[in-house]
Structure formats: structure tokens, C-alpha cells
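In numbering that gives the first Met the number 0, the protein residues as written are 0 to 301. All C-beta atoms in this analysis are idealised placements derived from N, C-alpha and C, irrespective of residue type, glycine included. Here's the structure, in C-alpha cells; my notes come after.
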Amino acid sequence: MKFSVLGATSLLALSGVVALAVKFGYHPVESDPNILNAAQDQVFIAATADSNLAWLPAANVRTTVLLQAAEQEATGTDYCQDSQFTYVDIKRGRVEGTAAQLFPRPALSLSKLYIADYVLEYGTSDEIQQALLMVRNSDDDIAEKLYEKYPNSIDAVAMKYSLFSTYSEPAGWGYSRTSTYDIAKFITLLVESNPEHPILKAMENAAEIASDGTPQDFGTAVIPKIKGTKWGWSNDHNLASSVSFGPNFVVAAAVTGSEAQLTQLVEYQLGLVRSNPSVRSSEVAAPGVETAAPDAEPQSIF
């Protein structure tokens, strides 16, 4: 596994954050690269590998989240106010994202994907059909009924897929937490295990209008060659998120803002991914469009 980081680094600020984390009783893993990137809007390579996706070890994720929590206390930085963006290039084994991509934030209706996964394994045939309808229509009423019966579903799925920033909240499914890194990892694992997975098919056949009347056409869904999407938004439309998959890639984004602002974030961050200097210019193309590289290395989908 190879780690590399893009963006500004402030070792002085970092030392203060580390001290706070130690104060909280946690000693960070040495050489965790993610904590070094102070630029929230910069894309960095979380991990690369010649084959298979190199997901970050649990210790690295926990270290990063604890350090960011410490930084919040020390500086007033609110990572839940920051945008998140994660891009997974399945073919090259590349995971890219913003420095805040690991931080738990409101899962919104993306949590319905976790509930559906649990119901697919433990629910009745009727509940399974309801769960898939819930994903397609983002139906809150169905989510309420399923979560009432399976209150441990989100935490169980987080454990099943090693989603270390995902957990439930006592207030209900709509208040659960996840990160763009976790939801992108979850969808990637489904794609890799079964491209015809029922959850993926439900995302492919999402309704144009959700059950509450919200158009499902924003965020990561605007990227060319997207096959399926699940969206999330708060009742006041001050929070928005989405996760999508296409040929050999998965992308997730979240923002404190409107659905239109989420779309703007996606377009901006995708531009950073395409311009990443770690990707040869001959490989840069629209998502889902593969171009020939000058050598035999794996091709990019950018």
C-alpha cells in the first residue's frame, strides 16, 4: 500500500491537535497520512494499491476522527459544517477524498441503504420488497417501520462492512451518522461482490420524485455514465448528500447546504480529481470513459 498527500501541512498546528488527542486518552498511530492535510477543499489520495482497494485500517480512521474532534474543540472548526467528497476508482484501486471524508456527519436518507442491507439478510420477503421500494422512493414511512422492527440494523451493517464512522443515534434512523468514505466503501463492496445486488438495482431504478416530493436528480447523479444513485436531504433542505456508482467507480458527497450546492460541490471536486498530478494527463477523461495509457499499468476511469 502506498500513501501520498496533497495540500498544505502545518506541523505546528498538527502538534497541538495531537496533544489534545493524547489528552483525550488516545495515542495516534504514527505516520497516519490523513491528519496531515489541513486544506479541507483539497483532494488527496487516501490509499493506492496495484490490485484491490486498499481501505484504510480501522486505527487510521479512528485516529483521524479523534484528531478532528480534538481540533474542533481547540479551534472551533466544525467538520460537520465542511463538505465531504470521496471518489473510488475500483479498477486502479484508488480512493480519493477530502480531508474531512472520514468524519461522521448526518447520514440522512443514505442510512436507508444500511437498513435495506440488513433487511435483505434478516427480513421477510414482504419486508425485503418494502426495503427496496424505500431505496427507490426514499420513503420515510417505510424506513420508520423497518427501523422500528430492526433498531440495530445500522450498527450491525456498520460492523459487517467495517464502517468505522457509521453508527445509530437514539433519535432515530434519520439522525444516524456516516461519512462519504463509509458510504462509498459500502457501495463499492456491493459492486465488487455482486454487480446485480438488489440494492444496486434499486438505486438504478430510483424514482424521479421521492415520496416527499423532492426531485432525485442532484449531487453525484449529474456525473456522466452514472448507473445508480441514492440521495439524502434534511427536512429544511440545509443538508444534502448522495452516493452513486458507475462503470468501475463510486462517488459520494455531502454538504451543509442545498441540493444545488451539493451539485456544485460535486462538479468542483470532480475537477480536482481529474487534475490530480498523480494521474497522468493521458489518463484524464470523463468518469466511466477509459483511455489508453502509454504503458501496461492499469487504466484510469477519470
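The region 203-220 touching the region 238-245, judged by at least three CB pairs closer than 8 Å: Touching, yes.
What does the alpha-carbon distance come out to for the pair T187 and S124? Each residue's Cα considered, the two are about 25 Å apart.
Whole angstroms is fine: what's the gap from I153's alpha carbon to G270's? Approximately 33 Å between the Cα atoms of the pair.
Look up Q83 in the DSSP assignment and say whether it is helix, strand or coil. The answer is strand: DSSP assigns Q83 an E or B state.
What residue ranges within the region 94-145 form continuous alpha helix (DSSP H) runs of no fewer than 4 residues, ordered along the chain? You should have 110-121 and 124-136.
Q100 vs T179 beta-carbon contact at 8 Å: At a Cβ-Cβ threshold of 8 Å, Q100 and T179 count as neighbours.
I'd like to know whether the C-beta atoms of V190 and I114 end up nearer to each other than 8 Å. Taking 8 Å as the cut-off, the Cβ atoms of V190 and I114 do not count as close.
Can you give me the start and stop residues for the alpha helix (DSSP H) that K159 sits inside? Counting along the chain, the alpha helix (DSSP H) containing K159 begins and ends at S152 to K159.
Please classify A48: does DSSP put it in a helix, a strand, or coil? With a pLDDT of only 31 at A48, under the threshold of 50, the placement of this residue in the model should not be trusted; the figure read from the coordinates follows. Here A48 sits in coil by DSSP.
Could you give the DSSP three-state label for K224: helix, strand or coil? DSSP places K224 in the coil class of the three-state scheme, outside both helix and strand.
Which same chain residues, not among the five before or five after K144, have their C-beta less than 8 Å away from its C-beta? Answer for K144: Q129, listed in chain order.
Our contact map puts T177 next to A106 with C-beta atoms below 8 Å; I'd like the distance itself, whole angstroms only. Sure, about 4 Å apart at Cβ, within 8 Å.
Give me the Cβ distance between A155 and Y117, rounded to the nearest whole Å; I'm assuming they're in contact under 8 Å. By a beta-carbon distance limit of 8 Å, A155 contacts Y117. Their separation comes to about 6 Å.
Residues in the same chain with beta-carbon distance under 6 Å from P82, minus the five sequence neighbours each way, listed in chain order, please. According to the sequence as given, residue 82 is Ser; it is not Pro. So the list reads V254 and L264, once near-sequence residues are dropped.
Roughly how many angstroms separate the alpha carbons of S108 and N136, rounded to a whole number? Rounded to the nearest whole angstrom, the C-alpha separation of S108 and N136 is 10 Å.
From N237 to A259, what does the alpha carbon distance come to, in whole angstroms? Just so you know, the alpha carbons of N237 and A259 end up roughly 11 Å apart.
Based on the DSSP secondary-structure assignment, which residues constitute the bridge partners of F163? Answer is none; F163 lacks a bridge partner.
Going by the beta-carbon positions, is the gap between V87 and V272 smaller than 8 Å? No, these two residues do not count as a Cβ contact at 8 Å.
Assuming contact is defined by CB atoms lying nearer than 8 Å, are K184 and L199 in contact in what I supplied? L199 is positioned such that its CB atom lies no closer than 8 Å to that of K184.
For G218: DSSP bridge partner residues: Per DSSP, none; premise fails for G218.
In the DSSP output, what is A239 paired with across the bridge? In DSSP, A239 forms a bridge with W232 and V254.
Contacting residues, own chain, Cβ-Cβ under 7 Å from L131 (five flanking each side not counted): Within the same chain, L131 has close Cβ partners A115, P197 and A201.
Thinking just about the alpha-carbon of each residue, which of A206, I127 and E195 is nearest to the one in P246? Comparing Cα positions, the closest option is E195.
Using alpha carbons as the reference points, say which of A205, R104 and N193 lies closest to V134. It is A205.
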